[in-house]
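What follows is a single structure, written as structure tokens, with notes after it.
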Amino acid sequence: MTYKTIIGLEIHVELSTKHKIFCNCPNEFGAEANTLVCPTCLGLPGSMPILNKEVLEYAIKAGIAFNGKISNLIKMDRKHYFYSDLPKGYQVSQAEVPFCDGGYLEIELESETKKINLERIHIEEDTGKQIHSEEEETLLDFNRSGVPLIEIVTKPEMNSAEEAKLFLDKLRATLKYIEVSNVKMEEGSLRCDVNINVVDSETGKKSIIAEIKNLNSFRAVVKAIEFEEKRHIDLLEADKNTEKETRRWDEAKGETILMRKKAGASDYRFVVEGAIPPVRISDEWIEEIKTTLPELPQDKKTRFMDSFGLSSYDAGVLTQSKDLSEFFEETLKYIDDSKLVSNWIMGDVLRRLNDDEIEIQESKLSPKALADLLLLVRDDKINNNTGKKVLKEIFDTGNSPEKIVKEKGLIQISDEGELKKIVEEVLNNNEQSIIDFKNGKDRALGFLVGQVMKASRGKANPQLVNKMLLEMMEER
Amino acid sequence: MDITSLKAWEMKEKIIKKEISCKEVIQAHIKKIEEEDSEINAFISLNKEEALRKSEKIDEKIKKGEGIGLLSGLPIGIKDNIASKDLKTTCGSKMLDKYISPFNATVVEKIINNDGIIIGKTNMDEFALGDSTETSYFGPTKNPINKNVVPGGSSGGSAAAVAANMVALSLGTDTGGSVRQPASFCGIVGIKPSYGMISRYGVIPMADTLDHVGVFGRDVRDATLILDSLKGYDKKDSTSSKMSNSEAFSIVFEEDKGRNYLDGMKVAIPREYIDLVPADKKVQEQFDKAIKVFEKSGAKIEIVSIPHLKYAAEVYYIIMSCEVSSNMARYDGIAFGHRAEEYETLDELYINSRTEAFGKEAKTRILAGTYALTGSKNAELYQKAMKVRRLLKEDYDKVFASHDVVLSLSSKELPFELNSIKKTSIESYKLNMYSAPANLAGLCAMSIPIGEVDGLPVGMEITGDRFKDRTIIKAGIGYERAVL
Amino acid sequence: MISKDQVLHIANIAKLRITDEELEPFMEKFDQIIEFVDRIREVDTEDVEPLYQVNEDNELLEYNETNQMISRQEALQNTQEQKYGYFKILKVVE
Ligand SMILES: [Mg+2]
Ligand SMILES: [Zn+2]
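Protein chains in written order, with this note's numbering: chain A, 1 to 476; chain B, 477 to 960; chain C, 961 to 1054.
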């Protein structure tokens, strides 16, 4: 049987505005408990919320970047539920009229570009935080209460953990581009809930959607989806498809755990936020905000394809992160060879960044260093393999390629006179290979080249060695 | 001379002219409170020492010839749902029995900045949910005019304090008539200005889209004096309006040499009041008499129809209870307010704290609001009520396009007896048809005494269009001048 | 007629407890309220927009510059229990 996984995401993003959404308290992470508070964000009786213009500006930027339709009316509603970190008994959010309707993001699959549509984006306030101490008590800190959030809700259009991961990467990249959020999952400025079910492609039978909460890393999102896929398939096969569940991801156990079953949707008893009159947003203001946006990933991708002749996939990957795309363009200032630079970044550079789990700007590699290295390679001063070794060395030490090459004596030997001795010696020691080659065994040539490279400690110019071997075997 | 029986503006004149000292004024009022309030119970907390200290400072200022604020040392009572740093703010509830606000409401700041002296916080129905001040956790307030009847509510303490001469002026709040009805019951003037005229920052909300701060005085001039000191746009309250930054209202009539404002005034009387919820006959007679006064003074009276008045009480009850249930959600026993001693789960913490601390009326309205917001009722009742609210507002827009004021009774009934059982809740809900429309449409409205029935006061309501507060003040002054 | 279960369900959502002896009179009153408010159903509101606020001409969006921050001590002054600058409740069973 074949199953198709259906995934929708709900992502909460903390905006990095100077102030909270309804008061003037600083929007900062990591302060001492309950020191960034005022009557409004503590929900004290008689306090009133003032919708901060800065928050709308940030939110609208995001809405435009995600290709959504910005509403001309901003209306806030109260969403009611009781919880200890929610000081007013309701969260101020947007119910039937989100500030941004629809929108989409494109992700780069190996074979195609896939459009993931958004349901909506709305603005809301964050809650406080609770800490469960060992001494049978719960401690509450309201510094985070009232930090502005946007909630991005996708349509259920992702079909694998990989797609969800790509979507989140793109989402995070875009938010970073437009500088509206720190998007740090470890600080909680990006949080993701997953809605998932599977459908039996033959019978059309579907499992009931489960919502997975508390996912605090992209890795956890991937693992939780993979776990749930299996669980849902098992449920379908055992015909034990019950009711809608809310589950959480347990990192230690590597599995999702049931939090609650919910019959029907929760009833949030939405009421208009009477303290915040609906505000009209002019098209001029939206246009004005649009002009402040930097080039967005999608536009940059098209430009990279057009100006640098890159493939859709390569351009997509290179523009995924603002820093990476800037690194790429900066490198091209020193070496005018977009294909070469792109190949190296897409290959060894990204591989290394992935291994180290860091961003390009956190590494010791600079655009100038990469360009200098590639110039050495292009001008045959060092060969490709040596280039890779030098790159590793730059990542490790931050030294310039010239210095590494000089200190380690890695300059490629492209002088026939210098190489002749080595080639002769290798031929002398491998009579059998010469016979083999002459009998038509091409592999023998490769073996001999390898022997020369080894003897030259990797410094010999491989093309030259090839040529010399052929010539000198001919003479024998 | 009994200082306390003077009008506020008379006291002010005497203080400024140094005929009496501010300290004498405050001492006289404190004495009055000490004599009367054990029986009337208009106050929840008092600030005697601080008030006296302040009065000395005001006298000092006057002696030195320094500029003095609009309220020039007058003793003022503040309803206890208005946040103040120095005195606890209880909302008349066990829930906030000991609550000390870390900040002052904007109106409190304005009173202080205008040299008014806050004598105490006044009694009220719990969280302003009531019309008799009997639902207060701190016991009922009695009507100074007849101690067997209620002073009205929910701002009963503020109205009684002014009527009993315990303060010169006071502040109330009005969500569906809570200033105008007690003003009517206590025989004084109460003004609920237009929505957005006075900042609500620091006023503990009952229903945000309906809540107004209102004022009490012994005559229209008194009420206008304190209104002038409070009005104005406030950055801290998004629902306050820049339209409120208009010229002081009192200037109009202080310099008009006794002009007859009623002459040529276009008055509308809604026929729905006669048809739908007819008033007590004797009360209606008082109203008819007052209309005659308008007519004689040259006002043009016209009977009009406000079709959706028919549903005003229902619309009010739905929107009010929905917003109440929302505003009461923050009282969960965690960051402030009553916390139950016994609980094992978070749910028990909420349920026990709220069940212990909220009174019956509060619980009823919370539940009614919860009902009207849950599931399909949200659209059928809450959303629907907001639509009918628009229709009602449009009715008023039409009337005010060709009329200056709408006249009606402030309450169709006389002040009723304390603990009276005749009043089932539904009956009292229907009475909101008289006062709640002004809240639903954000109109300015005033209750002004027009006579007595069996020794109990009757009030008339003068309603004006949004931000036409000057018009109702002129009408009120005009009426006072005509009957003097 | 509203049922017992409905009333108890609503009370639970609102985090209030209704005792057994309160239940009957309360249901009676609630039925009256429902009958009273249900009358608005007869109003024709087709094509009518809800009125959220009486003053609808709002363009008052501003950068929030009113600082009202309070000290930690003031923040905590009305709570029953506190610890290390946090609000404190008993550890709650989820
Ligand atoms: Mg949310
Ligand atoms: Zn704050």
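Ideal Cβ positions, reconstructed from N, Cα and C, are used throughout, including at glycine.
Taking Asn854 of chain B as the query, report the chain D residues whose CB atoms sit under 8 Å from its CB, ordered along the chain. As a matter of chain content, chain D is missing from the structure shown, whose protein chains are A, B and C.
Taking the alpha carbon of Ile941 of chain B as the point to measure from, which residue in B:Lys597, B:Ile534, B:Ala744 and B:Ser497 has its own alpha carbon closest? What sits at residue 941 of chain B in the sequence shown is Asp, not Ile. For Asp941 of chain B, the nearest C-alpha among the options comes from B:Ala744.
Sort out for me which residues DSSP pairs Lys115 of chain A with in a bridge. A:Glu106
Rounded to whole angstroms, what is the Cα-Cα separation between Lys4 of chain A and Ile973 of chain C? 38 Å
Buried or exposed by the 16-neighbour rule on C-beta atoms within 10 Å, applied to Gly740 of chain B: exposed
What do you get for Glu450 of chain B, buried or exposed, if any count of 16 or more other CB atoms within 10 angstroms of its CB means buried? Absent from the model: residue 450 of chain B. The displayed extent of chain B is 477 to 960, so no value can be given.
Where Tyr955 of chain B falls, given that 16 or more other Cβ within 10 Å makes a residue buried: buried
Complete runs of the alpha helix (DSSP H) confined to the region 136 to 210 of chain A [at least 4 residues]: 161 to 177
Quick check: what's the CA-CA separation for Lys502 of chain A versus Ile233 of chain A? Chain A is shown from 1 up to 476; residue 502 of chain A falls before or after that span and cannot be answered.
Could you check which residue in A:Leu310, A:Gly102 and A:Glu295 has the C-alpha nearest to that of Asp479 of chain A? There is no way to answer for residue 479 of chain A, as the model of chain A reaches only from 1 to 476.
Given a threshold of 16 other Cβ atoms within 10 Å of its Cβ, counted over all protein chains shown, does Asn580 of chain B qualify as buried or as exposed? buried
Would you report the Cα separation of Lys441 of chain A and Leu470 of chain A, rounded to the nearest angstrom? 13 Å
Which residue's Cα is closest to the Cα of Asp239 of chain A: A:Gly102, A:Asp200 and A:Asp396? A:Asp200
Would DSSP call Thr617 of chain B helix, strand or coil? coil
7 Å Cβ shell around Asp348 of chain A - same chain, five flanking residues per side excluded: Lys388 and Leu391
How is the beta strand (DSSP E) around Ala635 of chain B delimited, first residue to last? Element bounds for Ala635 of chain B: not the beta strand (DSSP E) but the alpha helix (DSSP H), Gly632 to Ala639.
Chain C residues whose Cβ lies nearer than 9 Å to that of Phe579 of chain B: Gln1028, Ile1030 and Glu1034
In whole angstroms, what separates the C-alpha of Glu418 of chain A from that of Phe437 of chain A? 24 Å
Any chance the CB of Glu407 of chain A is under 7 Å from a heavy atom of ligand 1? no
Can you tell me whether DSSP reads Val271 of chain A as helix, strand or coil? strand
Exposure label - Asn354 of chain A; buried when at least 16 CB within 10 Å: exposed
How about the region 829 to 845 of chain B and the region 870 to 883 of chain B: do they share at least three Cβ pairs that are nearer than 8 Å? no
Does the CB of Lys213 of chain A have a neighbour CB from chain B at under 8 Å? no
Glu288 of chain A: which of A:Leu15, A:Lys301 and A:Ile64 sits nearest, CA to CA? A:Ile64
Please list the residues of the region 1 to 30 of chain A that have a C-beta atom closer than 7 Å to any C-beta atom in chain C, keeping them in chain order. His19, Cys23, Asn24 and Cys25
By the three-class DSSP mapping on this structure, what secondary structure does Met259 of chain A have? strand
Measure from the C-beta of Tyr1012 of chain C to each C-beta in chain B and report whether the shortest distance is under 8 Å. yes
Can you give me, in chain order, the residues of the region 814 to 840 of chain B that have a beta carbon less than 8 Å from any beta carbon in chain C? Arg815, Tyr819, Glu820, Thr821, Leu822, Asp823, Leu825, Tyr826, Ile827, Asn828, Arg830, Thr831, Phe834, Lys839 and Thr840
Candidates A:Ser456, A:Ser433, A:Ala455 and A:Gly409: which alpha carbon is nearest Gly446 of chain A's? A:Ser433
Three-way DSSP call (helix, strand, coil) for Met936 of chain B in this model: strand
For Glu937 of chain B, count the other beta carbons within 10 Å of its own beta carbon; 16 or more makes it buried, fewer makes it exposed. Which is it? buried
Applying the 10 Å Cβ sphere with the 16-neighbour rule, what's the burial state of Asn1024 of chain C? buried
Under 8 Å Cβ-Cβ, which residues of chain B neighbour Leu983 of chain C? Per Cβ cutoff of 8 Å: no residues; Leu983 of chain C is ~12 Å from chain B at best.
Any beta carbon from chain C within less than 8 Å of His122 of chain A's own beta carbon? no
Residue-level contact to chain A via CB, Glu995 of chain C, 8 Å cutoff: no
Heavy atom of ligand 1 less than 7 Å from the Cβ of Glu124 of chain A, yes or no? yes
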